[in-house]
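Sequences listed follow chains A and B, in order. When we follow my numbering, the leftmost residue of the first sequence carries the number 41, and every step to the right adds one. When we follow my numbering, the leftmost residue of the second sequence carries the number 41, and every step to the right adds one.
Protein chains: 2
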Amino acid sequence: MQRMKEMILQEGTVLPGGILKVGSFLNQQVNSEFMKEIGDEIATLFADDQVTKILTIESSGIALAAAAGISMHIPFVFAKKHRTSNVDGSTYTTTVHSFTHGTDYQVVVSRDYLMPTDRVLLVDDFLANGNALRGLVDLVNQSGAELVGAAVAIEKKFQGGGDELRAGGLRIESLAMIESMTDTEITFCD
Amino acid sequence: MQRMKEMILQEGTVLPGGILKVGSFLNQQVNSEFMKEIGDEIATLFADDQVTKILTIESSGIALAAAAGISMHIPFVFAKKHRTSNVDGSTYTTTVHSFTHGTDYQVVVSRDYLMPTDRVLLVDDFLANGNALRGLVDLVNQSGAELVGAAVAIEKKFQGGGDELRAGGLRIESLAMIESMTDTEITFCD
Chain A
41 MQRMKEMILQ EGTVLPGGIL KVGSFLNQQV NSEFMKEIGD EIATLFADDQ
91 VTKILTIESS GIALAAAAGI SMHIPFVFAK KHRTSNVDGS TYTTTVHSFT
141 HGTDYQVVVS RDYLMPTDRV LLVDDFLANG NALRGLVDLV NQSGAELVGA
191 AVAIEKKFQG GGDELRAGGL RIESLAMIES MTDTEITFCD
Chain B
41 MQRMKEMILQ EGTVLPGGIL KVGSFLNQQV NSEFMKEIGD EIATLFADDQ
91 VTKILTIESS GIALAAAAGI SMHIPFVFAK KHRTSNVDGS TYTTTVHSFT
141 HGTDYQVVVS RDYLMPTDRV LLVDDFLANG NALRGLVDLV NQSGAELVGA
191 AVAIEKKFQG GGDELRAGGL RIESLAMIES MTDTEITFCD
């Protein structure tokens with residue numbers, strides 16, 4: 041998606057530790073017009089896949105999921121992060137390791153909102169090492185729903201998570217794929 | 041908003057402790073078509089107010105803010121919750137007391153995303169005792185932006201927060217206003 045690359049180049053900044061800050065338009069302040077375009081793009085990419093539900097993870101995936109949900113005319117669900125396990129049988133739960141924070145956290149979603157009859161599309165803002173996406177894959181597998189694929193706004197390809205997940209058979213559509221990143225230059229894959 | 045009342049009556053359930061569960065359509069699974077209607081309704085209510093930015097709080101306000109942002113063609117910003125204060129001068133920060141959890145938490149937003157020239161509309165899913173909304177009001181006041189008002193999906197009027205904030209001069213538009221609630225009956229204000 042050409043405009044995603046342009047937005048990253050215009051407004052993104054690289055912070056120490058290889059963090060790409062896109063808070064001005066994607067994940068703290070959100071450019072609504074652009075979000076609508078992203079939703080339309082995701083709808084086009086998965087137009088033939090009979091998606092019935094979008095699954096994302098709080099908080100920064102929610103705006104993307106909302107926009108895609110509006111464009112695709114289907115509901116979305118967001119999994120919640122918890123510091124401690126809180127299993128009472130009413131949820132699907134998985135553990136995600138955060139490289140950024142060096143900690144594990146639980147990700148939960150109510151069993152009521154992922155059904156075996158669902159065809160699920162995962163949506164998130166970033167794909168780096170792939171741990172968050174792996175957690176969502178696990179939740180879908182637990183539910184018995186069909187996993188259609190994943191759409192992410194920005195993939196940091198050099199961190200390898202996307203390639204590993206693709207090798208495992210997951211279809212991933214990244215709206216911008218970053219090959220390398222320095223303090224002064226961001227290079228996209230073709 | 042008639043349809044909000046209908047959705048609450050059709051899909052909402054009252055849990056012990058006076059909690060209204062609307063996770064099937066509003067704040068865990070999100071009905072995208074309905075969210076689009078909510079966005080359009082909020083856009084109509086504040087059509088004459090030259091709103092430049094929507095401010096909400098993670099996580100359950102984000103879908104509403106995204107929908108309203110799309111309908112109003114303006115960006116939205118979500119304030120983040122932190123357990124500990126993390127003030128390095130780059131954020132506006134306030135403390136919110138959670139009655140539900142009996143704890144205080146910090147709410148922060150980057151100074152980059154609330155400007156004195158902004159005209160800000162607050163959006164959230166619930167208004168009960170009003171503490172979260174008071175926190176957002178405080179953030180707007182710190183920024184020097186103009187506070188236009190607040191739009192909430194569901195106000196639990198019997199908890200008093202909305203009336204207190206209105207008495208302080210805040211314009212609040214609630215899409216459904218609940219007068220009383222028992223295990224078996226939800227009564228709306230006229």
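For every residue, glycine included, the Cβ atom is placed at its ideal position computed from N, Cα and C.
Cβ neighbour criterion (16 or more within 10 Å) applied to residue i
| i | result |
| --- | --- |
| aspartate 152 of chain A | exposed |
| aspartate 165 of chain B | buried |
| alanine 107 of chain B | buried |
| leucine 49 of chain B | exposed |
| proline 156 of chain B | exposed |
Any C-beta of chain B under 8 angstroms from that of residue i
| i | result |
| --- | --- |
| glutamate 186 of chain A | no |
| phenylalanine 118 of chain A | yes |
| serine 64 of chain A | yes |
| glycine 109 of chain A | yes |
| alanine 99 of chain A | Reading the sequence as shown, one finds serine at residue 99 of chain A and not alanine. Chain B contact via Cβ: present. |
Proximity test, Cβ basis, 8 angstroms: residue i and chain A
| i | result |
| --- | --- |
| valine 160 of chain B | no |
| glutamate 73 of chain B | yes |
| lysine 197 of chain B | no |
| alanine 103 of chain B | yes |
Those residues which DSSP pairs with residue i across a bridge
| i | result |
| --- | --- |
| histidine 122 of chain B | B:Gln146 |
| alanine 191 of chain B | B:Val163 and B:Glu213 |
| leucine 237 of chain B | Residue 237 of chain B is absent from the model: chain B starts at 41 and stops at 230. |
| tyrosine 132 of chain A | A:Val149 |
| glutamate 186 of chain A | A:Arg159 |
| leucine 95 of chain B | B:Val117 and B:Leu162 |
| methionine 221 of chain A | A:Ile226 |
| valine 70 of chain A | B:Phe116 |
| histidine 137 of chain B | B:Asp144 |
| lysine 196 of chain B | B:Ile218 |
Contact list for residue i against chain B, beta-carbon separation under 7 angstroms
| i | result |
| --- | --- |
| glycine 52 of chain A | Under the 7 angstroms cutoff, chain B gives no residues; its nearest Cβ is about 13 angstroms from glycine 52 of chain A. |
| lysine 76 of chain A | Ile110 |
Contacts that residue i makes with chain A (C-beta to C-beta distance below 7 angstroms)
| i | result |
| --- | --- |
| proline 115 of chain B | Gln69, Val70, Asn71 and Ser72 |
Listed by chain order, chain A residues near residue i by CB distance under 8 angstroms
| i | result |
| --- | --- |
| tyrosine 145 of chain B | None at all; the shortest Cβ gap to chain A is about 13 angstroms. |
| tyrosine 153 of chain B | Gly63, Ser64, Gln68 and Gln69 |
| alanine 106 of chain B | Val70, Ser72, Met75, Ile102, Ala103, Ala106 and Ala107 |
Contacts of residue i in chain B (Cβ-Cβ under 8 angstroms)
| i | result |
| --- | --- |
| serine 150 of chain A | Gly63, Gln68 and Gln69 |
**Prompt:** Does the stretch 52–66 of chain B come within contact of the stretch 188–208 of chain B, defined as at least 3 CB pairs closer than 8 angstroms?
**Reply:** Using a C-beta cut-off of 8 angstroms, the stretch 52–66 of chain B makes contact with the stretch 188–208 of chain B, since at least three inter-stretch Cβ pairs fall below that distance.
**Message:** Check whether the stretch 101–111 of chain B and the stretch 133–150 of chain A touch, using three or more Cβ-Cβ pairs below 8 angstroms as the test.
**Reply:** No, because fewer than three Cβ pairs between the stretch 101–111 of chain B and the stretch 133–150 of chain A fall closer than 8 angstroms, the two stretches do not touch.
**Message:** Under 8 angstroms, with one C-beta from each stretch per pair, do the stretch 153–162 of chain B and the stretch 179–197 of chain B reach the 3-pair mark?
**Reply:** They touch, by the three-pair rule.
**Message:** With three or more beta-carbon pairs closer than 8 angstroms as the criterion, would you say the stretch 75–85 of chain A touches the stretch 216–229 of chain A?
**Reply:** The stretch 75–85 of chain A and the stretch 216–229 of chain A do not touch, with fewer than 3 CB-CB distances between them shorter than 8 angstroms.
**Prompt:** Any contact of the stretch 85–94 of chain B with the stretch 92–99 of chain A, i.e. 3+ C-beta pairs under 8 angstroms?
**Reply:** Judged by Cβ distances under 8 angstroms, the stretch 85–94 of chain B makes no contact with the stretch 92–99 of chain A, as fewer than three pairs qualify.
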